[in-house]
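The end of the sequence shown is residue 1293 by my numbering, with every number in the run present.
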Amino acid sequence: MNVELNALRARYGRMLVTLFWAHVPVIGLAALWVGSMSPFTAMALAGGLAALYHLLWRLRRTRPVTRNIAAVALVGEPALFLLVFEGHAWQMDMHMYFYAVLALNLAWFDRSALIMSAAAITVHHLVLFYLLPNAVFSTDGDVARVLLHGAIVAFQTAVLVWVSDKVVQSFDRIGKMSDEIVAKSAALEERTREAEEANRTKSMFLANMSHEIRTPINAILGFCHLVQRTTLEPRQREHVSRISTAGGVLLRLINDLLDFSKNEAGALTLEARPFDLRSAMSCQVQMVADTMAARRLTLRQEIDERLPEMLVGDELRLNQVLLNLLSNATKFSEDGEIVLTARLVERQDDQARVEISVSDCGIGMTPDQVGRLFTPFTQADSSTTRRFGGTGLGLAICKQIVQQMDGWIRAESVPGQGSRFTFSLCLGIGQVDAAEAILPCSAIRALRILIADDSPIALKMLEAIFARWQIRVILAPSGRAALDMVQAADQRGHPYDLVILDWKMPDLDGLQTLRALRRVGLRRMPATMVMTAHGVDAVMAEAGGETIDLFLAKPINARNLLDALKQLPGLAERHVPEVAPDLPAAPVLPEAMRGQRVLLVEDNPINQEIAVALLGDAGLLVDCAENGLVACRMVEAGAAGYAAVLMDMQMPEMDGLTATRQIRLTHTAEALPIIALTAHAYDDERRACMQAGMCDHVTKPVDPARLIAVLARHMRIVPTAAAPAPRAEGVGAADLPDHLPPFDIPAALARVNGKRPLLRRLILSFAEGNRDAVAQIAQLIADGRRQDAHRAAHTLKGVAASLELPRIAALAGQIEAFLQADDTTDIDALLAQLSGPLAAAIAAADSLTAGAGTPHAAASPPTPAGDSARIAQLRGHLRDQVRRRSMAARASFDALAEALQLDRMAIDDHPVRRALLRLDYAAADALLNRPHPDTGQPGI
């Protein structure tokens, strides 16, 4: 039976309980007023009816027996009123109440209850007519009148039964419809879940298959590239070229499928990193520059000057959208102009809405074709695929990416006149760190530079980059023009310092131009840089034994161009007087926070030394732990009462997250703040830090101001000694030059608060620790120890970034990413690329010690008798600091060495001091406890 109908019956049944009991006082008052019956008798009769129904309701609720007895009992109420009003003028009016209660019983929606109620009325009239005639009709009562009343009751009952049946049927239909709707909804939800699961399965299958297919495709393309470098017959070369071209098309198709399936599966995540929008646009334009030139297209760029220099977002995905639109514009246009614009729409606090558009002069589209553009696997019309190729996925992927970036994309087009694609993005506004700014040194700014490229678009891009550096360059549209211009400048006595040549140019290509320059007998041969989009190996293979100073891979942006320029031979000798930029004052903590002791957990000695220097300058005492396991033990020892812990993320034995969870078992965040030192700024890594119990994070390479600001925000104050005075750095055997390519000395100095001796030591330590880094990583991979190789690449990346070696940091980061993804396809090539910049950095570091004399032996002279007590005290203090892994052990060692009257060279070369410089506290402790050969006592 229908649930709603039963609910109505239940509400009516509860209402009858109240109605029955309400009759008791009303009938008593009526009997008192009329006087024909004792009020107590009347109330007793009414109370009996009420009690009977109430008891039945409590026991049986809405069951048929309750409904039938309630219908009869309810008829008893007007029967009592007839007895009470016997002989009264209102007696006949009481008959109307019979019809009322009969209608009231309709609420049971039960024909049996209505029939029982009607039967009770009829029986009541007939029986009382013969037993107590005046109890029914006061006067003129006869059988005919009783039968008339019975007929009226029967008619009313028939109508009520008809209505009741109709209502019950309606409720039954509604109940059936509801059941059907619920069943269909459940079936629909199940089918929806099955469809979503099938879609996810399909998308994940596509994603996995795309990855699986890409590996052999990359191998095919790689071997095609290698075969093309060998001696081939013309027909063989043509076949290999076609294989390579077809493989490239297939790879692009697979990449599109991979991106689309990732979006469909919800697996495409966006990163938030600072990037230069102008450089990003320049790189994508260069990707299509050759095709534009071949199709006789020119490019006009309109970039809003109000656009922030640095934005925060997913540069890779933005480039993907931009390249797709530029490629489409180039593909569908010929003999005309393509316009690329970028403008700032709105700026609020740290957010900027940027609008970018690409306009072409191509074939155009109808409104109907525009409406289908962003549908997957759809193009403007069926002939488009045959004429121009493509999957129809590019714009659908662009729309998905843009929408994930809180933006939109739309197209406007006129057939035969061209199209305009516009997309809007919401990006963060990044801060330009002085240490990370892409600015050349004065030696580079003083160069006279000539650039030769047959692509006007590429020339404009390069000219724009140099213009931002306030460097004026001379442009040549071909290799022959460059040759003439170099000769003319040399004859005038104003030769060029650097000639940048594109490899592939008509008439004279880059290598032919270079050979011609060497043949013409210039008085001063300029340095040369060759730009190529075909790989350095291909250029070197064709160059044979020709010397080329620098290579620059396309697409070119400001960062990789500057990195290449820093490798220019003889740049360090080109000393150009310039006003050294004032380094910002070392950030310090508030007076109340100085003198606190913090624990630095970092496995890399160079990163340790940088952090200790920054923290010491801020007024802090620092203890060090080389991994999370040691840090947990030091925290549990509790003797130092640390005000904060600075925790690296990736360390051997126990990583930062595990160590933090361990510490949080006994120390709350309020009792001991833990701050993450992480090489990544990814949202998921930040969330992992917070979930583990860390309070904040600082990204590497560490910015001094950011580090001290975070500490000031979270560090608790522990009662301790007065803050130590900052210790002046001693000057090493040789000072640090202002220029030491590939190290960016000014930027690196900013990271160590301007401490030149410290930076010099760090550079030397970098060279000492990474001479065999490439071979070690390769060997670890060959031995199957990929986790150790990943950690080594991660460490190299972090150290290189701290010492401002961007090329090494970038390559090490790529190796780390490939190892993390368990993909070693391109590792060998990346290691080969890394070896060159790393060798250059090590050679530069070695130049700092060139010509240094042989160090003296680290022998200890006899101890001065008068200072024995002080020396013993200094020795004990040094041992205590070494056991606590305190960076203050270096100062204590220097004080002890001076008390022992060691000369400067002996101090610098002492094995204990060298161990402390490497932060190898275990070795230092062992040396301190080793008996001295002269005295037989432990220590120095």
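Cβ coordinates follow ideal geometry from the N, Cα and C atoms, glycine included. Just so you know, these numbers come straight off a predicted model, no measurement behind them.
If you count every other CB in all the chains shown that lies within 10 Å of the CB of H376, and 16 or more means buried, which is it?
buried
Inter-residue spacing [alpha-carbon to alpha-carbon] between G1083 and Q1254
Bear in mind that a pLDDT of 47 at G1083, under 50, signals an unreliable position, so the number given afterwards is only what the model happens to contain. Cα to Cα, G1083 sits roughly 17 Å from Q1254.
Bounding residues of the beta strand (DSSP E) (the contiguous stretch that carries L409):
Counting along the chain, L409 falls outside any beta strand (DSSP E), though it belongs to the alpha helix (DSSP H) covering P392 to R413.
Can you tell which of E430, E439 and I468 has its C-alpha closest to the C-alpha of Y450?
Checking every option, the nearest Cα to that of Y450 belongs to E430.
Whose C-alpha, out of I691, E690 and V707, is nearest the C-alpha of V698?
V707
Are three or more beta carbon pairs between the stretch 624 to 636 and the stretch 664 to 681 nearer than 8 Å?
yes
Bounding residues of the beta strand (DSSP E) (the contiguous stretch that carries R706)
Q704 to S712
I need the DSSP call for Q654, collapsed to helix, strand or coil.
In this structure, Q654 counts as strand in the three-state DSSP scheme.
Under 7 Å, do W426 and H477 count as touching if we go by C-beta distance?
Checking the displayed sequence, the identity of residue 426 turns out to be Ala instead of Trp. No, they are not a contact pair.
Nearest candidate by alpha-carbon position, reference S808, set L652, L671, W822 and A705:
L652
When DSSP labels each residue in this structure, what does T900 get in the three-state scheme?
coil
Starting from T775, follow its DSSP beta bridges and name the residues at the other end.
S710 and R763
Let me know if E955 comes out buried or exposed under the rule of 16 or more other beta-carbons within 10 Å of its beta-carbon.
Under this definition E955 is a buried residue.
Going by DSSP, what residue range makes up the alpha helix (DSSP H) through I1098?
I1098 to R1104
Can you grab the Cα-Cα spacing for the pair A395 / L459, in whole Å?
27 Å
Burial state of P417, where buried means 16 or more other Cβ atoms lie within 10 Å
exposed
Rounding to the nearest angstrom, what Cα-Cα distance links G601 and I1134 in this structure?
29 Å
Among E662, M1068 and K684, which one has its Cα closest to the Cα of R821?
Ranking E662, M1068 and K684 by CA distance to the CA of R821 puts E662 first.
Spell out a yes or no on whether the stretch 1113 to 1120 and the stretch 1006 to 1021 are touching, meaning 3 or more CB-CB pairs, one atom from each, closer than 8 Å.
no
Pairwise C-alpha distance: A695 and W761
C-alpha separation (whole angstroms): 15 Å.
Cα separation between L1280 and V1235?
11 Å
Per DSSP, G1046 forms a beta bridge with which residues?
DSSP, once it has assigned bridges, lists no residue as partnering G1046.
Exposed unless 16 or more other CB atoms sit within 10 angstroms - verdict on M1043
exposed
Is DSSP giving T719 helix, strand or coil here?
coil
Which residue comes first and which comes last in the beta strand (DSSP E) that contains V852?
From DSSP, the beta strand (DSSP E) with V852 extends over L851 to D855.
I need the straight-line Cα distance from R526 to K519, nearest angstrom please.
Those two C-alpha atoms are separated by around 11 Å.
Report buried or exposed for V767, applying the criterion of at least 16 other Cβ atoms within 10 angstroms of its Cβ.
exposed
Looking only at its own chain, which residues have a Cβ that is under 8 Å from the Cβ of I596, when we skip the five neighbours before and after it?
These residues qualify, in order along the chain: I573 and C577.
Local Cβ density within 10 Å of G1153, reported as buried at 16 or more and exposed below that
It is Ala, not Gly, that sits at residue 1153 in the sequence shown. Label assigned to A1153: buried.
Under the three-state DSSP convention, the category P1054 falls into:
coil
Reducing DSSP to helix, strand and coil, say where M1000 ends up.
strand
Kindly indicate which residue of L660, R649 and V506 has the alpha-carbon position closest to the one of M634.
Of the candidates L660, R649 and V506, the residue whose Cα lies closest to the Cα of M634 is L660.
Could you name the residues of the same chain whose beta carbon sits closer than 8 Å to that of R1144, not counting the 5 residues immediately before and after it, in chain order?
Q1003 and P1005
Distance between E624 and K752 (C-alpha atoms, nearest Å):
17 Å
Hey, would you say L679 sits closer than 7 Å to V641, going by beta carbons?
yes
In or out: I534 buried (at least 16 other Cβ within 10 Å) or exposed?
With fewer than 16 other Cβ atoms within 10 Å, it is exposed.
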